[in-house]
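Student: Numbering (this note's numbering), first residue to last: 9 to 364.
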Amino acid sequence: MSRTLSENHAHMDDGSCAIARAARHDRNRWRYVRVGTVDHPRARGRHLHARGANAMSRHRVLAHPQDLHCVVYHLLVLTTYAVAFWIYQNPSRSGITGPWSMTAFVAASSVLLAWISGTDIGINFHNHAHRPIFTSKFLNRWFGRIWTFSGGWPSYFWWHAHVTVHHSNLLHPERDWTLPRRRAGGPFENIFLYMLAHWPWRYARHLWIDFANGPRKRRNTAIRELLIFAALWSIPFWIDVKMALLLWVLPHWLANVLGMGAGMFVQHEGCVEATPARPHGHSNDHLSPVFNATSFNIGYHIEHHEYPNVHWSELPQLHARMRDELIANGASLQHTGYSAAAWRAYAAACTPDFTQ
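(1) Relative to the alpha-carbon of W246, which residue among P360, F93, R352 and Y354 has its alpha-carbon at the smallest distance?
(2) Going by DSSP, what residue range makes up the alpha helix (DSSP H) through S117?
(3) State the start and end residues of the unbroken alpha helix (DSSP H) segment that holds D184.
(4) Is F304 closer than 8 Å to N135 when the C-beta atoms are compared?
(5) Assuming E233 contacts S163 under a Cβ cut-off of 8 Å, what Cβ separation, rounded to an integer in Å, is found between them?
(6) Going by DSSP, what residue range makes up the alpha helix (DSSP H) through D218?
(7) Near L262, which residues of its chain fall below 6 Å by C-beta distance, leaving aside the five closest residues on each side in sequence?
(8) Let's see if you can read the secondary structure: which residues bound the alpha helix (DSSP H) around H134?
(9) Have a look at H67, H312 and A350 and flag the residue whose alpha-carbon is nearest the alpha-carbon of I131.
(10) For A336 and S347, I'd like the C-alpha separation in whole angstroms.
(11) Could you check if I243 is buried or exposed, using at least 16 other CB atoms within 10 Å of its CB as the buried criterion?
(12) In the DSSP output, which residue or residues are listed as bridge partners for D248?
(13) Are the beta-carbon atoms belonging to V85 and F142 less than 8 Å from one another?
(14) Am I right that G345 and S296 are in contact with their C-beta atoms under 8 Å? What's the rounded C-beta distance?
(15) Per DSSP, what kind of secondary structure is H380 in: helix, strand or coil?
(16) Opposite R190 in the DSSP bridges: which residues?
(17) Would you identify the three-state DSSP class for L295, choosing helix, strand or coil?
(18) Excluding the five sequence neighbours on either side, which residues of its own chain have a C-beta within less than 6 Å of the C-beta of A282, listed in chain order?
(19) Keeping to the same chain, check which residues put their C-beta closer than 6 Å to that of L254; ignore five residues upstream and five downstream.
(20) How many whole angstroms separate the CB atoms of D158 and Y81, which I take to be in contact at a CB cut-off of 8 Å?
(21) Using the Cα positions of L258 and E333, report the straight-line distance between them to the nearest angstrom.
(22) So F196 and P208 are supposed to be a Cβ contact under 8 Å. How far apart are they, rounded?
(23) Rounded to whole angstroms, what is the Cα-Cα separation between R329 and I124?
(24) Please state whether DSSP places N62 in a helix, a strand or coil.
(25) Answer yes or no: do D293 and A339 have a C-beta to C-beta separation smaller than 8 Å?
(26) If L215 and F165 are in contact, beta carbons under 8 Å, what's the gap, nearest whole angstrom?
(27) Taking only runs of the beta strand (DSSP E) that begin and end inside the stretch 230 to 292, which ones reach a length of at least 3 residues, in chain order?
(28) Whose C-alpha, out of P284, V91, V274 and A137, is nearest the C-alpha of V171?
(29) Name the residue from V173, R331, P99 and A270 whose alpha carbon lies nearest to the alpha carbon of Y211.
(30) Using 8 Å for Cβ pairs, my map puts A205 next to F273. What's the rounded Cβ distance?
(31) Who are F146's beta bridge partners in DSSP?
(32) Going by other Cβ atoms of all chains shown within 10 Å of its Cβ, with 16 needed for buried, is R226 buried or exposed?
(33) Measure from the C-beta of N300 to each C-beta in chain D and report whether the shortest distance is under 8 Å.
(34) Quick one: Cα of W150 to Cα of S144, how far?
(35) Which residues share a DSSP beta bridge with Q342?
(36) Quick check on I129: buried or exposed, where buried means 16 or more other Cβ atoms within 10 Å of its Cβ?
Below you can see the structure in the form of structure tokens.
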């Protein structure tokens, strides 16, 4: 039987133990992992950090010291939004003298805000979804709520889509509705179609189905979290509706469409469900050192899907242990980041395929 997050934490006192355990585990266990997280019904009443750990660990705020980077990054994102709002509200004090300079400011700001928001939710909060970063359940719950609202998501909704749906049903043609649909010949649909269709349209439809038809506790949790999200997400609209549309809604749309949409596409483009013949064929690794150093090691995606409870900071060491096996089994190891992979996908989408 696969282990839950709380059970795994009881054995993750340090990175070396986590990596050694991962190397010993059955390679197929990742397909059956059911990870509980903060504010999910399965997580209630469970200890999220090591039971019986030394006395000092009970006084830590962070579950892992490297998670300070996650906290700082998110606080910087919120600060950046606040600065953008202030500049918009005080144009004369910011050197904005007319409609053209305001247009330039909004255009540049929306793109930059989208970039950091996409990273903050799709990569940074992603770490928290798998391994809550605080030792306090209260902090995990509320910091999660103020984490994802700045990317257009209720935290519980994002967790459900990523952990319950994507990780538990990776590349399943019906059940993993987070990924691009497949064309008749087998490959993913056009990347542009996927980016435009997946958020919020497909996500909204499938989340509605999952929550409406799921257990009552899940449905009630979804309603509560949606109301909390609506209260938080509406704050900029109370300040200035036009500002909220330009520097809040637009960046969130761009973050989900261009950032997280393209990222999800390249993570699994050309991949298949894991089989004995292709045990690592479910994901692509993107091994650019600069990309991983600035993106919480998200490029080690094969390792992450097979061992989702290994801390993000320990994925490079896990990759080093698995590298020979990955190469021997024909795993997709790409020496670029997501941007280069996305541009290749854009070019392929614009090139006519005369073979079909």
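Beta carbons are placed, not taken as given, at the ideal position from N, Cα and C, and that holds for glycine. As the structure is a computational prediction, the values presented were derived from the model and not from experiment.
Tutor: Answer, in terms of the structure:
(1) Residue mapping note: residue 246 aligns to position 238 of the sequence shown, counting from 1. The residue with the shortest Cα to Cα distance from W246 is F93.
(2) As a working note, residue 117 is residue 109 in the sequence shown. P107 to T127 is the extent of the alpha helix (DSSP H) around S117.
(3) Translated into positions along the sequence shown, residue 184 becomes position 176. No alpha helix (DSSP H) contains D184, which DSSP labels as neither H nor E.
(4) The count along the sequence shown starts at 1 and reaches residue 135 at position 127. The count along the sequence shown starts at 1 and reaches residue 304 at position 296. Cβ atoms of N135 and F304: closer than 8 Å.
(5) Within the sequence shown, residue 233 is the residue found at index 225, counting from 1. Within the sequence shown, residue 163 is the residue found at index 155, counting from 1. Yes, they are in contact, since the Cβ atoms of E233 and S163 sit about 7 Å apart, within 8 Å.
(6) As a first step, residue 218 must be located in the sequence shown, where it is residue number 210. It spans Y211 to N221 - the alpha helix (DSSP H) in which D218 sits, taken as one unbroken run.
(7) Indexing the sequence shown from 1 puts residue 262 at position 254. Within the same chain, L262 has close Cβ partners A122.
(8) Counting from one through the sequence shown, the residue named residue 134 turns up at place 126. Segment H134 to H138, the alpha helix (DSSP H) holding H134.
(9) In the sequence shown, residue 131 corresponds to position 123, counting from 1. Taking only the C-alpha atoms, the option nearest I131 is H312.
(10) By 1-based counting over the sequence shown, the position of residue 336 is 328. By 1-based counting over the sequence shown, the position of residue 347 is 339. Roughly 27 Å between the two C-alpha positions.
(11) Here the question's residue 243 lines up with position 235 in the sequence shown. By the neighbour-count rule (16 or more Cβ atoms within 10 Å), I243 is not buried but exposed.
(12) Indexing the sequence shown from 1 puts residue 248 at position 240. For D248, which the question treats as bridged, DSSP gives no partner whatsoever.
(13) For the purposes of this step, residue 85 is taken as the residue at position 77 of the sequence shown. For the purposes of this step, residue 142 is taken as the residue at position 134 of the sequence shown. Not closer than 8 Å, so no.
(14) Taking the first residue of the sequence shown as 1, we reach residue 345 at position 337. Taking the first residue of the sequence shown as 1, we reach residue 296 at position 288. Confirmed, about 4 Å.
(15) An answer regarding residue 380 cannot be provided, because it is not within the stretch 9 to 364 covered by the chain.
(16) On the sequence shown, position 182 is the one that residue 190 refers to. BP columns for R190 point to F196.
(17) Reading the sequence shown from its first residue, position 287 is the one you call residue 295. Of the three classes helix, strand and coil, the one that applies to L295 here is coil, per DSSP.
(18) By 1-based counting over the sequence shown, the position of residue 282 is 274. These residues qualify, in order along the chain: H290.
(19) Here the question's residue 254 lines up with position 246 in the sequence shown. Result list for L254: V114, in chain order.
(20) Residue numbering aside, residue 158 sits at position 150 when the sequence shown is read from its first letter. Residue numbering aside, residue 81 sits at position 73 when the sequence shown is read from its first letter. For the record, residue 158 in the displayed sequence is Ser; it is not Asp. No, S158 and Y81 are not in contact; Cβ-Cβ is about 12 Å, not under 8 Å.
(21) As a position in the sequence shown, residue 258 is number 250, starting the count at 1. As a position in the sequence shown, residue 333 is number 325, starting the count at 1. In this structure, the CA atom of L258 is about 43 Å from the CA atom of E333.
(22) Your numbering for residue 196 matches position 188 in the sequence shown. Your numbering for residue 208 matches position 200 in the sequence shown. With a Cβ gap of about 20 Å, F196 and P208 do not count as contacting.
(23) Counting from 1 along the sequence shown, the entry for residue 329 is found at position 321. Counting from 1 along the sequence shown, the entry for residue 124 is found at position 116. Between R329 and I124, the C-alpha separation is close to 31 Å.
(24) As a first step, residue 62 is located in the sequence shown; it is residue number 54 there, counting from the start. Reliability of the predicted coordinates at N62 is poor, the pLDDT of 49 falling under 50, and no value is obtained from them.
(25) The residue labelled residue 293 in the question sits at position 285 within the sequence shown. The residue labelled residue 339 in the question sits at position 331 within the sequence shown. Yes, the pair counts as a contact, with Cβ atoms nearer than the cut-off.
(26) In the sequence shown, counting from the first residue as 1, residue 215 sits at position 207. In the sequence shown, counting from the first residue as 1, residue 165 sits at position 157. Contact between L215 and F165 holds, since their C-beta atoms are separated by about 6 Å, short of 8 Å.
(27) none
(28) Walking along the sequence shown from the start, residue 171 turns up at place 163. It is A137.
(29) On the sequence shown, position 203 is the one that residue 211 refers to. The residue with the shortest Cα to Cα distance from Y211 is V173.
(30) Within the sequence shown, the letter at position 197 stands for residue 205. Within the sequence shown, the letter at position 265 stands for residue 273. Contact doesn't hold; Cβ gap of about 12 Å is too wide.
(31) The count along the sequence shown starts at 1 and reaches residue 146 at position 138. F146 is not bridged to any residue.
(32) Translated into the one-based positions of the sequence shown, residue 226 becomes position 218. Buried, since its Cβ has 16 or more Cβ neighbours within 10 Å.
(33) Protein chain content of the structure displayed is limited to a single chain, and chain D is not contained in it.
(34) The sequence position of residue 150 within the sequence shown is 142, counting from 1. The sequence position of residue 144 within the sequence shown is 136, counting from 1. If you draw a straight line from the Cα of W150 to the Cα of S144, it comes to about 10 Å.
(35) Numbered from 1 along the sequence shown, position 334 holds the residue referred to as residue 342. Q342 is bridged to H294.
(36) Within the sequence shown, residue 129 is the residue found at index 121, counting from 1. The residue in question, I129, is buried, as its Cβ has 16 or more Cβ neighbours within 10 Å.
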